[in-house]
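Working notes, beginning with the structure itself.
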Amino acid sequence: MGNTPEKPSEIVTVEIKDKVPKEDPIAKLISNIDCDMPALNKFNLHTSSFEEISDYLTSIYKFKINELLRAQNKTLKKTEDTETLSRTVLEDNIERFALIASQLKKSQVREELGVIKQDLEQTRIDLNEIEAKIQELTNKIPDF
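Just so you know, we're using our numbering here: the sequence shown kicks off at 1 and counts up by one.
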């Protein structure tokens with residue numbers, strides 16, 4: 001019969017174990033949450049109910065989302081303030097240009113227009129920075 005064992009006592013069972021022990025999926029999920037909350041240590045992941053753990057994780061995500069929304073609202077308020085300031089700067093520049101145009105020579109008008117252009121470029125840079133910050137905060141809010 002070749003290599004086939006003739007008696008059941010000759011059958012050898014070989015079990016191959018994983019080299020890396022399997023990780024508790026709930027522990028892995030919790031470890032991936034970037035939040036410093038000592039209350040997490042109160043949970044025994046093996047004896048806590050799924051509902052307790054789920055409620056806890058939900059509260060952590062709500063906390064993080066609320067923090068992100070607060071930061072986004074602050075940035076939005078700063079954006080609105082900057083837009084108001086930009087409008088004021090534009091209106092002031094228009095009034096200044098009208099006054100200059102009525103009183104000065106062309107070369108002086110060009111010089112003053114250069115100053116106005118620099119003011120507008122700085123305002124545009126400020127707005128771009130605020131938009132980038134809003135986009136950064138928006139990207140941090142997880143999709144559900």
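Backbone N, C-alpha and C define an ideal beta-carbon position, used for all residues, glycine too.
These numbers were taken from a predicted model, which means no experiment stands behind them.
Which of helix, strand or coil does DSSP assign to residue i?
{"i": "Ser54", "result": "helix"}
{"i": "Ile116", "result": "helix"}
{"i": "Lys105", "result": "coil"}
{"i": "Ser86", "result": "helix"}
{"i": "Ser59", "result": "helix"}
{"i": "Ile125", "result": "helix"}
{"i": "Ile141", "result": "coil"}
{"i": "Ile130", "result": "helix"}
Excluding the 5 residues preceding and the 5 following residue i in the sequence, name in chain order all residues of the same chain whose CB lies nearer than 8 Å to its CB.
{"i": "Ile134", "result": "Gln72, Thr75, Leu76, Thr79"}
{"i": "Ile130", "result": "Thr75, Lys78, Thr79, Thr82"}
Using 7 Å as the cut-off, classify the Cβ of residue i as near or not near the heavy atoms of the ligand PLP, replying yes or no.
{"i": "Asp81", "result": "Because no ligand of any kind appears in the structure shown, any question about the ligand PLP cannot be addressed here."}
In chain order, what residues of the same chain lie with their CB nearer than 6 Å to the CB of residue i, ignoring the 5 residues before and after it?
{"i": "Glu207", "result": "Any answer about residue 207 is impossible in this case: the structure gives the chain only from 1 up to 144."}
Quick one: residues in its chain with C-beta nearer than 7 Å to the C-beta of residue i, no 5 flanking neighbours on either side, listed in chain order?
{"i": "Val109", "result": "Ile100, Ala101"}
Practice task
Say whether the stretch 59 to 66 touches the stretch 84 to 95, bearing in mind that this needs 3 or more beta-carbon pairs closer than 8 Å, one atom from each stretch.
Solution key: no
Problem - Stretch pair the stretch 96 to 105 + the stretch 122 to 136: three plus CB contacts closer than 8 Å - result: no
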